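Heads up: the structure comes next, in C-alpha cells.
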Amino acid sequence: MSWDEVMKQGNLKRLLIDSAGISEKVFESYLNLSDLDVLNSLVDENKIDKEKAAEIIASYFNVEYVDLRNVSVDTALFEFLPVVLANRYKCIPLKKVDNCLFVAVSERYSPDIEDRLEKTTRCKIVIKIGSSSAISKALDESGAASRLLESLSAEFSGINGEAVSKREKLGLESFVEEETTITKLINNFLLDAIQKRASDIHIEAQESSVTTKYRIDGVLQTISKPIHLDYHSTIISRLKVLAELDIAEKRVPQDGKFRIEVSGRDIDFRVSILPGAFGEDVVIRILDKNVVGKGKKLCLEDLGFDELTTKNLRRDISEPYGMILITGPTGSGKTTTLYGALSEVNDGTQKIITIEDPIEYLLDGVVQVPVNEKKNLTFSKGLRSILRHDPDKIMVGEIRDGETAEIAIQSALTGHLVFSTVHANNVFDVIGRFSHMGVDVYGFVTALNCVMAQRLVRRICGSCKVEYPIGDEFLRHSLIDRRKYGDHWYKGAGCGECNNTGYKGRVAITEYLKLTPVIREMIVNRRSLTDLYDEAVKGGLVMLRESGIKLAVNGQTTLMEVNRVTFIE
Numbered sequence: 149m150s151w152d153e154v155m156k157q158g159n160l161k162r163l164l165i166d167s168a169g170i171s172e173k174v175f176e177s178y179l180n181l182s183d184l185d186v187l188n189s190l191v192d193e194n195k196i197d198k199e200k201a202a203e204i205i206a207s208y209f210n211v212e213y214v215d216l217r218n219v220s221v222d223t224a225l226f227e228f229l230p231v232v233l234a235n236r237y238k239c240i241p242l243k244k245v246d247n248c249l250f251v252a253v254s255e256r257y258s259p260d261i262e263d264r265l266e267k268t269t270r271c272k273i274v275i276k277i278g279s280s281s282a283i284s285k286a287l288d289e290s291g292a293a294s295r296l297l298e299s300l301s302a303e304f305s306g307i308n309g310e311a312v313s314k315r316e317k318l319g320l321e322s323f324v325e326e327e328t329t330i331t332k333l334i335n336n337f338l339l340d341a342i343q344k345r346a347s348d349i350h351i352e353a354q355e356s357s358v359t360t361k362y363r364i365d366g367v368l369q370t371i372s373k374p375i376h377l378d379y380h381s382t383i384i385s386r387l388k389v390l391a392e393l394d395i396a397e398k399r400v401p402q403d404g405k406f407r408i409e410v411s412g413r414d415i416d417f418r419v420s421i422l423p424g425a426f427g428e429d430v431v432i433r434i435l436d437k438n439v440v441g442k443g444k445k446l447c448l449e450d451l452g453f454d455e456l457t458t459k460n461l462r463r464d465i466s467e468p469y470g471m472i473l474i475t476g477p478t479g480s481g482k483t484t485t486l487y488g489a490l491s492e493v494n495d496g497t498q499k500i501i502t503i504e505d506p507i508e509y510l511l512d513g514v515v516q517v518p519v520n521e522k523k524n525l526t527f528s529k530g531l532r533s534i535l536r537h538d539p540d541k542i543m544v545g546e547i548r549d550g551e552t553a554e555i556a557i558q559s560a561l562t563g564h565l566v567f568s569t570v571h572a573n574n575v576f577d578v579i580g581r582f583s584h585m586g587v588d589v590y591g592f593v594t595a596l597n598c599v600m601a602q603r604l605v606r607r608i609c610g611s612c613k614v615e616y617p618i619g620d621e622f623l624r625h626s627l628i629d630r631r632k633y634g635d636h637w638y639k640g641a642g643c644g645e646c647n648n649t650g651y652k653g654r655v656a657i658t659e660y661l662k663l664t665p666v667i668r669e670m671i672v673n674r675r676s677l678t679d680l681y682d683e684a685v686k687g688g689l690v691m692l693r694e695s696g697i698k699l700a701v702n703g704q705t706t707l708m709e710v711n712r713v714t715f716i717e
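Numbering (my numbering), first residue to last: 149 to 717.
See the structure below:
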C-alpha cells in the first residue's frame, strides 16, 4: 500500500478525536500537515503518549496492537532479524512460526516496512504495532548487541595468525570474504556503544592484538575480548571507507565523519585516526544531535546543577549584555551548559548566533556556524562576521587566542550577551588565561558577568546504592574531617543496570563566581589570589571540591570520584 493510498483513508483525524480526546481546534494549529504528521507532532510535543499513539496507528492500519512494556525479547530471534536492522527500523522480533516472522514496529509505522524486512530476512513478515519507547527498552534490555559483539570478538581473537597471509595483511580489497563479517563487527561496536551510553570508542593496536574501549560516564572501559592484530588493517580500512578517508594513507593523522540512523535518530560519528607504534589507533566520538533540538528544549534543571547554581546562572543569562564564561577541562560538559543556557533565553524575540568547532547539537531557532580552518573560517573571523548580522546573543564555542578574546570583550561591552568557554582549572585561573592572551584586564572584568568552573562526576547507580565505611587513612589523604562531614558515605555495589561499575550517569559539580564591584576592583588592582578567594567565599563562593564533597555526603557520588576530578590541596 502506498502512502497516497493510506492517506486517502482519511479516518486518522476521527480516531484522534474519538480515542485521544484531541479537539478540532488543535487540528487548526497544524495547518498544511497530513493527519499522520499531526499525530507525530502530538507525540513529539507530549500531547499524546506513545502507547496511545501506537493503539491509534494499529487501529488506523487495521493491524494488531501489542503492549510491549513487560515483554522480554528472545535473543535467538535476532539470528533472523539482525539487531542493527531492528534498531534502524525501530522494531523487535516477537516469534517465528515456520517461515513467518512476527515483528512489532513502532507508532512511526510505514506500510513499506514489510517489503524491506522481507527482502532482508527472507521470511514472511507479520506486523504488529507497539510503542517506540517500549521497543527501545526491550532492545536495550535484550543486550543482543553486546552478546553478538562478544561472539564476534571471540571469533576474531581465536584466529591463528599463521593461517592468514601476512603479505596481504587482510586489506579490504584482498580479503573480501571477511568484509561482511567485519562490517557486522563494526556495526555492532557502534550500536553497542550507543546502547551503553558511550561518548567515545577507542580502537587501539597493541603488539599482538587490537583492544576496544568505550568511554562511559567519562571513564574508559575495555569491551569484549582482544581481536587478533591481523584483523586490524581490515577494521581500519572499513572505518576509513565510512568516514571517506584515504585508505592508502597510513603515515599521517586523518579526521573524518559519518552518520547512521539508529532507532529513528541520526547519530554522527567523528573519526580521528593516529599512526601508532603497532598500527593506526582510532577514536570515534559519538554525537547524538537529537538530544537537543527541534521539540526538545534543554532546561538548566536538566543539567544536574544544584539549586543555588541554577538560580545564579539563570539570573546572569537574563542580563541584557556582558560575558558569561564556562571553564573546565575537555569533556566536562561546558558546551552542554552553554546549549542549556541558550535554550533558556531563546524565546524567539532575539537573534542568537553561534560559532562552534564542531557543532555538537542542533538548536531550534538558532543560527549555528561551524568553524572551518581549511577555508580560513576561524573563531575570530567568524565572530567579526556574526557582528554584522545584528545578533542579540552570541555563543563562541571556545576562546583560544587574544584576537577572539578582544572581539568577544568588545561585543559584550557594546550591548551583546556573549557566551563562551575557556580552558582553566578554576574561576580565578580564567583571569590569568586572559591576561596571558594579552587582553586589557580592565576591559575584560568590566565585560565579565560571571565565571563558572565545572566538572562531571559519575553518579552512584540508584539500583545498587549501599552505605559503606571509609577508613581513617583514606579520609586523611582526602583531607576530610569526620567531625565536619560525618561517617555516612555511599557507593554502588555493581549490578546489571550499571554494567557492574556501581555508577550510572553523571552529575555536575561547580564553582560559581559573580563579578561584584569589589571583586572587579581587586582584580584590576592585582590583589593576591588568596585575597580574591577570601572575598569570593564571603560572597557565597563554593569551591569545586567542596561542591563535590557535598554530593558525596548526600549519596549522589563517591568520595573516590571527587578525588578523581578535583585537586586535593
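Yeah, the Cβ is synthetic: ideal placement off N, Cα and C, and Gly gets one too. From a predicted model like this one, the values you see are computed outputs, not experimental measurements.
Could you give the distance in angstroms between the alpha-carbon of residue i and the alpha-carbon of residue j?
{"i": "residue 241", "j": "residue 283", "result": "10 Å"}
{"i": "residue 465", "j": "residue 271", "result": "57 Å"}
{"i": "residue 709", "j": "residue 162", "result": "55 Å"}
{"i": "residue 573", "j": "residue 672", "result": "21 Å"}
{"i": "residue 409", "j": "residue 535", "result": "36 Å"}
{"i": "residue 476", "j": "residue 590", "result": "23 Å"}
{"i": "residue 693", "j": "residue 186", "result": "49 Å"}
{"i": "residue 189", "j": "residue 195", "result": "9 Å"}
{"i": "residue 653", "j": "residue 553", "result": "34 Å"}
{"i": "residue 199", "j": "residue 215", "result": "8 Å"}
{"i": "residue 361", "j": "residue 287", "result": "22 Å"}
{"i": "residue 509", "j": "residue 502", "result": "11 Å"}
{"i": "residue 261", "j": "residue 415", "result": "21 Å"}
{"i": "residue 474", "j": "residue 164", "result": "46 Å"}
{"i": "residue 376", "j": "residue 402", "result": "23 Å"}
{"i": "residue 363", "j": "residue 344", "result": "10 Å"}
{"i": "residue 639", "j": "residue 545", "result": "35 Å"}
{"i": "residue 308", "j": "residue 378", "result": "Below a pLDDT of 50, predicted positions are generally treated as unreliable, and residue 308, at 40, falls in that range; the measurement from the model is reported next regardless. Looking at the two C-alpha atoms, the distance is approximately 9 Å."}
{"i": "residue 218", "j": "residue 596", "result": "53 Å"}
{"i": "residue 558", "j": "residue 291", "result": "53 Å"}
{"i": "residue 541", "j": "residue 564", "result": "6 Å"}
{"i": "residue 696", "j": "residue 225", "result": "46 Å"}
{"i": "residue 263", "j": "residue 423", "result": "44 Å"}
{"i": "residue 522", "j": "residue 569", "result": "23 Å"}
{"i": "residue 346", "j": "residue 675", "result": "44 Å"}
Answer with buried or exposed for residue i, where buried requires no fewer than 16 other C-beta atoms within 10 angstroms of its C-beta.
{"i": "residue 580", "result": "exposed"}
{"i": "residue 279", "result": "buried"}
{"i": "residue 380", "result": "buried"}
{"i": "residue 665", "result": "exposed"}
{"i": "residue 751", "result": "Past the boundaries of the shown model lies residue 751; the chain is included only from 149 to 717, so the question cannot be answered."}
{"i": "residue 498", "result": "exposed"}
{"i": "residue 425", "result": "exposed"}
{"i": "residue 247", "result": "exposed"}
{"i": "residue 314", "result": "Because residue 314 carries a pLDDT of 35, less than 50, the predicted location of this residue cannot be relied on, and the following value inherits that uncertainty. When all chains shown are included, residue 314 counts as exposed."}
{"i": "residue 481", "result": "buried"}
{"i": "residue 468", "result": "exposed"}
{"i": "residue 407", "result": "exposed"}
{"i": "residue 356", "result": "exposed"}
{"i": "residue 318", "result": "Its pLDDT being 32, under 50, residue 318 is placed unreliably by the model, and nothing is read from it."}
Since residue i contacts residue j with CB under 8 Å, what's their CB separation in whole angstroms?
{"i": "residue 396", "j": "residue 405", "result": "Residue 396 to residue 405, Cβ: 20 Å. No contact."}
{"i": "residue 606", "j": "residue 340", "result": "With 8 Å as the limit, residue 606 and residue 340 do not qualify as a contact, their Cβ atoms being about 20 Å apart."}
{"i": "residue 691", "j": "residue 659", "result": "6 Å"}
{"i": "residue 699", "j": "residue 626", "result": "Between residue 626 and residue 699 the Cβ distance is about 14 Å, and since that is not below 8 Å, they are no contact."}
{"i": "residue 353", "j": "residue 428", "result": "7 Å"}
{"i": "residue 608", "j": "residue 714", "result": "In fact, because the Cβ distance is near 17 Å, the residues do not count as touching under 8 Å."}
{"i": "residue 490", "j": "residue 511", "result": "6 Å"}
Sort the options by Cα distance to residue i and report the nearest one.
{"i": "residue 245", "options": "228, 609, 253 and 235", "result": "228"}
{"i": "residue 636", "options": "619, 644, 627 and 650", "result": "619"}
{"i": "residue 593", "options": "561, 376, 360 and 339", "result": "561"}
{"i": "residue 267", "options": "542, 198 and 249", "result": "249"}
{"i": "residue 485", "options": "514, 516, 450 and 496", "result": "450"}
{"i": "residue 598", "options": "518, 470, 614 and 558", "result": "470"}
{"i": "residue 680", "options": "662, 584, 696 and 290", "result": "662"}
{"i": "residue 274", "options": "211, 338 and 629", "result": "211"}
{"i": "residue 505", "options": "192, 528 and 494", "result": "528"}
What does DSSP give as the partner residue(s) for residue i in the beta ladder?
{"i": "residue 350", "result": "361 and 431"}
{"i": "residue 616", "result": "637"}
{"i": "residue 272", "result": "248"}
{"i": "residue 656", "result": "604"}
{"i": "residue 564", "result": "Its beta-bridge partners do not exist; DSSP assigns none."}
{"i": "residue 407", "result": "416"}
{"i": "residue 470", "result": "565"}
Is any non-hydrogen atom of the ligand ZN found closer than 8 Å to the C-beta of residue i, if you look at the structure I gave you?
{"i": "residue 627", "result": "The model depicted lacks the ligand ZN and carries no ligand whatsoever."}
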